[in-house]
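Asker: Count along the sequence shown starting at 1, add 218, and that's the number in the working numbering.
We put the beta carbon where it would ideally sit given N, CA and C, even for glycine.
Just so we're clear, the structure is a prediction, and the values are computed from it rather than from any experiment.
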Amino acid sequence: NSLRGRIPECIGDWSSFLNNYVHGKIPKGFAQGCTLQNFQINNNQLEGSLPRSLANCKDLKFIDVENNYLNDTFPDWLGNLDHLQVLILRSNRFYGQVVNSNVIVSFPRLHVIDLSHNNLSGYLPIKFFENLHAIRKGNEKKGKPEYMMNSPVNWTRYSYVRGLSFMAKGLEMEFESLLTSWMVIDFSNNKFLGEIPKTLGELHSLIVLNLSHNSLTGPIPSSLGDLLELESLDLSSNKLQGRIPTELTNLGFLAKTPAKFDGDDDEELNWRSSILMGYGCGLVLGVSLGYI
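1. Is it right to say D300 is buried, meaning 16 or more other beta carbons lie within 10 angstroms of its own, or is it exposed?
2. The beta strand (DSSP E) spanning K246 covers which residue range?
3. Counting along the chain, where does the alpha helix (DSSP H) carrying E265 start and finish?
4. At the level of alpha carbons, what is the spacing between K474 and V402?
5. Do you know offhand how far E265's Cα is from F312's?
6. Got a sec, what are the start and stop residues for the alpha helix (DSSP H) K355 sits in?
7. Whole angstroms is fine: what's the gap from Q315's alpha carbon to S406's?
8. Considering Cα atoms alone, identify which of L458, D444, E420 is closest to L429.
9. Leaving out five residues on either side along the sequence, give the residues of the same chain with a beta carbon under 8 Å from the beta carbon of P370.
10. As an exercise, report each continuous beta strand (DSSP E) stretch of at least 3 residues that is fully enclosed by the stretch 285 to 318, in chain order.
11. Helix, strand or coil for D444 per DSSP?
12. Can you tell me whether F347 is helix, strand or coil according to DSSP?
13. Could you please give the first and the last residue of the uninterrupted beta strand (DSSP E) stretch that includes I414?
14. Identify which residue in V426, S339, N262 has its Cα closest to the Cα of Y287.
15. For S450, does the count of other Cβ atoms within 10 angstroms reach 16, so buried, or fall short, so exposed?
16. Leaving aside the five residues before and after S433 along the sequence, list all residues of the same chain whose C-beta is less than 8 Å from its C-beta, in chain order.
17. Are the Cβ atoms of F537 and L272 separated by less than 8 Å?
18. I'd like the list of long-range same chain contacts for D332, defined as Cβ closer than 6 Å, with 5 residues on each side in sequence excluded.
19. Where does the unbroken beta strand (DSSP E) through G340 begin, and where does it stop?
20. Taking the continuous beta strand (DSSP E) assigned at L451, which residues delimit it?
21. How should G297 be labelled, buried or exposed, when 16 other C-beta atoms within 10 angstroms of its C-beta is the threshold for buried?
22. Taking the alpha carbon of L512 as the reference point, which residue from G470, G460, K416, D444 has its own alpha carbon closest?
23. With a threshold of 8 Å between beta-carbons, can L305 be considered close to chain D, or not?
24. Where do the N-terminal and C-terminal ends of the beta strand (DSSP E) with F325 fall, by residue?
25. Taking Cβ positions, are L427 and F347 nearer each other than 8 Å?
26. Please report how far the alpha carbon of R461 lies from the alpha carbon of D452, in whole angstroms.
27. Out of L442, H241, T435, point me to the one whose CA is closest to G340's CA.
28. If we call anything under 8 Å between Cβ atoms a contact, is I425 one with L448?
29. Which stretch, first to last residue, makes up the beta strand (DSSP E) that contains L427?
30. Sorted by chain position, which residues of the same chain lie with C-beta nearer than 6 Å to H351's C-beta, five sequence neighbours on each side aside?
31. Would S440 and E413 qualify as a contact pair, given that the criterion is a beta-carbon distance under 8 Å?
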(Lines of atoms letter the chains of each structure in order from A and count residues from 1; the text may use other names and numbers.)
(Lines give C-alpha, C1' and ligand atoms only; values in the text may rest on other atoms or scores of the structure.)
Protein backbone atom coordinates (compact mmCIF):
# COMPACT_ATOMS: atom_id res chain seq x y z
CA ASN A 1 0.00 0.00 0.00
CA SER A 2 0.92 3.68 -0.18
CA LEU A 3 -1.26 5.09 2.59
CA ARG A 4 -0.46 8.59 3.83
CA GLY A 5 -1.62 10.88 6.60
CA ARG A 6 -2.73 10.10 10.13
CA ILE A 7 -4.40 6.95 11.45
CA PRO A 8 -8.10 7.60 12.18
CA GLU A 9 -9.26 6.99 15.74
CA CYS A 10 -11.98 4.57 14.61
CA ILE A 11 -9.73 2.20 12.68
CA GLY A 12 -10.54 -1.47 13.18
CA ASP A 13 -8.17 -3.29 10.83
CA TRP A 14 -4.47 -2.80 11.59
CA SER A 15 -3.18 -5.25 9.01
CA SER A 16 -2.76 -2.72 6.18
CA PHE A 17 -0.55 -0.10 7.82
CA LEU A 18 2.90 -1.63 7.44
CA ASN A 19 5.27 -0.06 4.89
CA ASN A 20 3.36 3.17 4.34
CA TYR A 21 3.80 6.89 5.01
CA VAL A 22 1.48 7.16 8.00
CA HIS A 23 2.51 9.75 10.59
CA GLY A 24 1.30 11.19 13.87
CA LYS A 25 0.42 9.26 17.02
CA ILE A 26 -1.15 5.83 17.44
CA PRO A 27 -4.82 6.12 18.47
CA LYS A 28 -5.43 5.21 22.11
CA GLY A 29 -8.90 3.71 21.92
CA PHE A 30 -8.35 -0.04 22.21
CA ALA A 31 -11.44 -1.09 24.14
CA GLN A 32 -11.95 -3.91 26.62
CA GLY A 33 -12.68 -7.12 24.75
CA CYS A 34 -10.59 -6.10 21.74
CA THR A 35 -10.02 -9.21 19.57
CA LEU A 36 -6.98 -7.89 17.69
CA GLN A 37 -4.34 -10.59 17.13
CA ASN A 38 -1.87 -8.79 14.87
CA PHE A 39 -0.61 -5.24 15.48
CA GLN A 40 1.82 -4.51 12.65
CA ILE A 41 2.58 -0.84 11.90
CA ASN A 42 6.26 -1.13 11.01
CA ASN A 43 8.02 1.15 8.53
CA ASN A 44 5.98 4.30 8.96
CA GLN A 45 6.58 7.70 10.57
CA LEU A 46 4.62 7.26 13.78
CA GLU A 47 5.67 9.05 16.96
CA GLY A 48 4.71 9.34 20.60
CA SER A 49 4.16 6.31 22.83
CA LEU A 50 2.52 2.92 22.58
CA PRO A 51 -1.05 3.31 23.84
CA ARG A 52 -1.53 1.56 27.18
CA SER A 53 -4.99 0.49 26.05
CA LEU A 54 -3.26 -2.00 23.74
CA ALA A 55 -3.13 -4.22 26.84
CA ASN A 56 -6.91 -4.64 26.45
CA CYS A 57 -6.29 -6.78 23.37
CA LYS A 58 -5.85 -10.06 25.22
CA ASP A 59 -5.60 -12.11 22.01
CA LEU A 60 -2.56 -10.27 20.67
CA LYS A 61 0.11 -12.65 19.39
CA PHE A 62 2.24 -10.40 17.23
CA ILE A 63 3.40 -6.78 17.72
CA ASP A 64 5.74 -5.13 15.22
CA VAL A 65 6.32 -1.35 15.43
CA GLU A 66 9.77 -1.42 13.81
CA ASN A 67 11.23 1.64 12.10
CA ASN A 68 9.12 4.49 13.43
CA TYR A 69 9.81 7.42 15.78
CA LEU A 70 8.15 6.03 18.90
CA ASN A 71 9.55 7.60 22.07
CA ASP A 72 8.61 5.58 25.14
CA THR A 73 9.89 3.33 27.91
CA PHE A 74 9.88 -0.44 27.49
CA PRO A 75 6.24 -1.65 27.53
CA ASP A 76 6.49 -4.10 30.42
CA TRP A 77 2.73 -3.71 30.81
CA LEU A 78 2.40 -6.00 27.78
CA GLY A 79 3.47 -8.85 30.06
CA ASN A 80 -0.20 -9.48 30.87
CA LEU A 81 -0.79 -10.65 27.28
CA ASP A 82 -0.60 -14.41 27.72
CA HIS A 83 -0.69 -15.12 23.97
CA LEU A 84 2.01 -12.66 22.86
CA GLN A 85 4.67 -14.51 20.86
CA VAL A 86 6.51 -11.82 18.88
CA LEU A 87 7.52 -8.34 20.09
CA ILE A 88 9.53 -6.16 17.69
CA LEU A 89 10.40 -2.61 18.81
CA ARG A 90 13.46 -2.27 16.59
CA SER A 91 14.65 1.12 15.26
CA ASN A 92 12.66 3.52 17.41
CA ARG A 93 13.50 5.74 20.39
CA PHE A 94 12.61 3.51 23.33
CA TYR A 95 14.69 4.41 26.36
CA GLY A 96 15.46 3.45 29.96
CA GLN A 97 15.66 0.02 31.57
CA VAL A 98 13.87 -2.96 30.08
CA VAL A 99 12.46 -4.05 33.43
CA ASN A 100 12.96 -2.63 36.90
CA SER A 101 14.96 -5.12 38.98
CA ASN A 102 12.22 -5.14 41.62
CA VAL A 103 9.45 -5.96 39.15
CA ILE A 104 8.75 -9.47 37.86
CA VAL A 105 7.32 -9.38 34.35
CA SER A 106 6.30 -12.60 32.64
CA PHE A 107 5.99 -13.05 28.88
CA PRO A 108 5.11 -16.77 28.98
CA ARG A 109 4.81 -17.37 25.21
CA LEU A 110 7.21 -14.76 23.85
CA HIS A 111 9.80 -16.38 21.59
CA VAL A 112 10.93 -13.50 19.33
CA ILE A 113 11.97 -10.21 20.94
CA ASP A 114 13.85 -7.55 18.97
CA LEU A 115 14.74 -4.35 20.87
CA SER A 116 17.68 -3.40 18.65
CA HIS A 117 18.56 0.15 17.57
CA ASN A 118 16.97 2.03 20.45
CA ASN A 119 18.24 3.98 23.48
CA LEU A 120 17.62 1.31 26.12
CA SER A 121 20.09 1.28 28.99
CA GLY A 122 20.98 -0.28 32.33
CA TYR A 123 21.88 -3.88 33.05
CA LEU A 124 20.58 -6.77 31.01
CA PRO A 125 17.33 -7.88 32.73
CA ILE A 126 17.99 -11.18 34.51
CA LYS A 127 14.42 -11.60 35.81
CA PHE A 128 13.07 -10.90 32.35
CA PHE A 129 15.19 -13.67 30.82
CA GLU A 130 14.22 -16.07 33.61
CA ASN A 131 10.56 -15.66 32.70
CA LEU A 132 10.87 -16.32 28.96
CA HIS A 133 9.33 -19.76 29.43
CA ALA A 134 8.71 -20.42 25.72
CA ILE A 135 12.42 -20.09 24.94
CA ARG A 136 13.33 -22.21 27.95
CA LYS A 137 11.01 -25.04 26.96
CA GLY A 138 11.09 -24.61 23.19
CA ASN A 139 8.48 -25.77 20.73
CA GLU A 140 6.65 -28.55 22.56
CA LYS A 141 5.11 -29.82 19.32
CA LYS A 142 7.93 -31.82 17.78
CA GLY A 143 7.87 -32.99 14.19
CA LYS A 144 7.00 -30.97 11.12
CA PRO A 145 7.66 -27.21 11.62
CA GLU A 146 4.57 -25.02 11.82
CA TYR A 147 4.07 -21.43 10.75
CA MET A 148 2.52 -18.83 13.02
CA MET A 149 -1.14 -18.47 12.16
CA ASN A 150 -4.13 -16.42 13.17
CA SER A 151 -6.93 -18.25 14.94
CA PRO A 152 -9.63 -19.67 12.64
CA VAL A 153 -12.01 -17.10 11.18
CA ASN A 154 -14.84 -18.44 9.03
CA TRP A 155 -13.09 -21.83 8.99
CA THR A 156 -9.92 -20.41 7.46
CA ARG A 157 -6.40 -20.04 8.80
CA TYR A 158 -3.78 -17.72 7.40
CA SER A 159 -0.28 -16.58 8.23
CA TYR A 160 -0.21 -13.15 9.83
CA VAL A 161 3.53 -12.49 9.81
CA ARG A 162 4.26 -10.32 6.80
CA GLY A 163 7.34 -8.27 6.05
CA LEU A 164 9.13 -9.44 9.20
CA SER A 165 12.89 -8.94 9.32
CA PHE A 166 15.67 -9.22 11.89
CA MET A 167 19.43 -9.67 12.06
CA ALA A 168 20.68 -13.26 12.08
CA LYS A 169 23.82 -14.92 10.81
CA GLY A 170 25.36 -11.53 10.16
CA LEU A 171 22.63 -10.59 7.68
CA GLU A 172 19.26 -8.90 7.78
CA MET A 173 16.83 -11.70 7.06
CA GLU A 174 13.29 -11.16 5.81
CA PHE A 175 10.43 -13.61 6.37
CA GLU A 176 7.08 -13.82 4.65
CA SER A 177 6.07 -16.26 7.38
CA LEU A 178 7.69 -17.21 10.66
CA LEU A 179 8.10 -20.69 12.10
CA THR A 180 6.89 -21.19 15.65
CA SER A 181 10.25 -22.84 16.37
CA TRP A 182 12.23 -19.62 15.82
CA MET A 183 13.56 -18.33 19.14
CA VAL A 184 15.26 -14.93 18.86
CA ILE A 185 16.67 -12.32 21.28
CA ASP A 186 18.17 -9.16 19.75
CA PHE A 187 19.23 -6.41 22.18
CA SER A 188 21.92 -4.98 19.88
CA ASN A 189 22.72 -1.29 19.29
CA ASN A 190 21.56 0.04 22.64
CA LYS A 191 23.32 1.28 25.78
CA PHE A 192 23.26 -1.83 27.96
CA LEU A 193 26.10 -2.24 30.43
CA GLY A 194 27.39 -4.74 32.98
CA GLU A 195 28.05 -8.42 32.50
CA ILE A 196 26.21 -10.92 30.31
CA PRO A 197 23.90 -12.87 32.66
CA LYS A 198 24.68 -16.55 33.12
CA THR A 199 20.95 -17.22 33.03
CA LEU A 200 20.96 -16.72 29.25
CA GLY A 201 22.50 -20.18 29.07
CA GLU A 202 19.22 -21.58 30.42
CA LEU A 203 17.27 -20.48 27.33
CA HIS A 204 18.01 -23.81 25.70
CA SER A 205 15.86 -23.35 22.58
CA LEU A 206 17.42 -20.03 21.57
CA ILE A 207 18.44 -19.88 17.89
CA VAL A 208 19.59 -16.26 17.53
CA LEU A 209 21.30 -14.16 20.24
CA ASN A 210 22.56 -10.68 19.37
CA LEU A 211 23.98 -8.44 22.11
CA SER A 212 26.39 -6.51 19.89
CA HIS A 213 27.09 -2.76 19.97
CA ASN A 214 26.48 -2.12 23.65
CA SER A 215 28.80 -1.43 26.60
CA LEU A 216 28.85 -4.92 28.12
CA THR A 217 31.87 -5.81 30.25
CA GLY A 218 33.40 -8.83 31.96
CA PRO A 219 33.84 -12.36 30.64
CA ILE A 220 31.68 -14.33 28.25
CA PRO A 221 29.76 -16.77 30.48
CA SER A 222 30.58 -20.40 29.83
CA SER A 223 26.85 -21.16 30.17
CA LEU A 224 26.36 -19.93 26.58
CA GLY A 225 27.87 -23.25 25.59
CA ASP A 226 24.62 -24.86 26.76
CA LEU A 227 22.68 -23.18 23.94
CA LEU A 228 22.91 -26.20 21.68
CA GLU A 229 20.18 -24.96 19.30
CA LEU A 230 22.00 -21.68 18.70
CA GLU A 231 22.74 -20.82 15.07
CA SER A 232 23.77 -17.17 15.32
CA LEU A 233 25.69 -15.39 18.10
CA ASP A 234 26.93 -11.79 17.97
CA LEU A 235 28.74 -10.21 20.92
CA SER A 236 30.83 -7.75 18.93
CA SER A 237 31.50 -4.08 19.73
CA ASN A 238 31.34 -4.42 23.50
CA LYS A 239 34.03 -4.24 26.19
CA LEU A 240 34.19 -7.93 27.03
CA GLN A 241 37.37 -9.41 28.45
CA GLY A 242 38.92 -12.76 29.24
CA ARG A 243 39.38 -16.10 27.55
CA ILE A 244 37.03 -17.60 25.02
CA PRO A 245 35.14 -20.25 27.02
CA THR A 246 36.00 -23.71 25.76
CA GLU A 247 32.33 -24.58 26.31
CA LEU A 248 31.48 -22.57 23.19
CA THR A 249 32.89 -25.44 21.15
CA ASN A 250 29.70 -27.29 22.14
CA LEU A 251 27.87 -25.05 19.67
CA GLY A 252 27.53 -27.08 16.51
CA PHE A 253 27.99 -24.21 14.06
CA LEU A 254 31.34 -23.11 15.52
CA ALA A 255 34.69 -24.51 14.54
CA LYS A 256 36.98 -25.21 17.46
CA THR A 257 38.44 -21.90 18.65
CA PRO A 258 41.66 -21.21 20.56
CA ALA A 259 41.44 -20.59 24.28
CA LYS A 260 43.06 -17.20 23.71
CA PHE A 261 44.59 -15.21 20.88
CA ASP A 262 48.35 -15.02 20.24
CA GLY A 263 49.98 -12.00 21.81
CA ASP A 264 47.57 -11.91 24.72
CA ASP A 265 50.25 -11.65 27.39
CA ASP A 266 47.95 -11.04 30.35
CA GLU A 267 45.36 -13.53 29.10
CA GLU A 268 42.71 -10.85 28.78
CA LEU A 269 40.90 -9.76 25.61
CA ASN A 270 38.97 -6.73 24.52
CA TRP A 271 36.31 -8.10 22.22
CA ARG A 272 35.43 -5.73 19.44
CA SER A 273 34.94 -6.45 15.78
CA SER A 274 36.65 -9.46 14.20
CA ILE A 275 34.49 -12.39 13.19
CA LEU A 276 34.76 -16.13 13.70
CA MET A 277 32.67 -18.01 11.19
CA GLY A 278 30.98 -21.39 11.48
CA TYR A 279 28.62 -23.41 9.37
CA GLY A 280 25.20 -24.78 10.26
CA CYS A 281 22.10 -25.69 8.29
CA GLY A 282 24.07 -25.01 5.11
CA LEU A 283 24.46 -21.30 5.83
CA VAL A 284 27.33 -19.13 6.99
CA LEU A 285 26.68 -18.04 10.55
CA GLY A 286 28.37 -15.05 12.12
CA VAL A 287 29.88 -14.95 15.58
CA SER A 288 31.62 -11.75 16.53
CA LEU A 289 34.32 -12.32 19.12
CA GLY A 290 36.68 -9.55 18.13
CA TYR A 291 39.64 -7.98 19.83
CA ILE A 292 41.79 -4.89 19.36
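Answerer: So, to answer that:
1. It is exposed - the Cβ of D300 has fewer than 16 other Cβ atoms within 10 Å.
2. Note, K246: premise wrong, no beta strand (DSSP E); not H, not E.
3. Counting along the chain, E265 falls outside any alpha helix (DSSP H), though it belongs to the beta strand (DSSP E) covering 263 to 266.
4. For K474, the pLDDT reaches just 41, beneath the cut-off of 50, and the residue's location in the model is therefore unreliable, leaving the point undetermined.
5. Their backbone Cα atoms lie some 11 Å apart in a straight line.
6. Per DSSP, K355 belongs to the alpha helix (DSSP H) from 351 to 355.
7. 14 Å
8. L458
9. With a pLDDT of 49 at P370, under the threshold of 50, the predicted position of this residue should be treated as unreliable, and no value is reported.
10. 304 to 306
11. helix
12. helix
13. Taken as a continuous stretch (DSSP letters only), I414 belongs to no beta strand (DSSP E), as it is neither H nor E.
14. The option with the nearest alpha carbon to Y287 is N262.
15. Looking at its Cβ environment, which holds 16 or more other Cβ atoms inside 10 Å, S450 is buried.
16. K409, F410, L411, N456, K457
17. Past the edges of the chain, shown from 219 to 510, lies residue 537, and the structure says nothing about it.
18. I306, R308, F384, D404
19. 337 to 341
20. 450 to 452
21. Classification of G297: buried, given that the 10 Å Cβ count is 16 or more.
22. Given that the chain is displayed from residue 219 to residue 510, the structure contains no residue 512 and the question cannot be resolved.
23. Here chain D cannot be found, since the structure has a single protein chain.
24. It is not in any beta strand (DSSP E) - F325 carries neither H nor E in the DSSP assignment.
25. No; because the gap between Cβ atoms is not below 8 Å, this pair is not in contact.
26. 16 Å
27. Here the closest residue by C-alpha is T435.
28. yes
29. 426 to 428
30. P326
31. Not in contact: S440 and E413 (Cβ atoms no closer than 8 Å).
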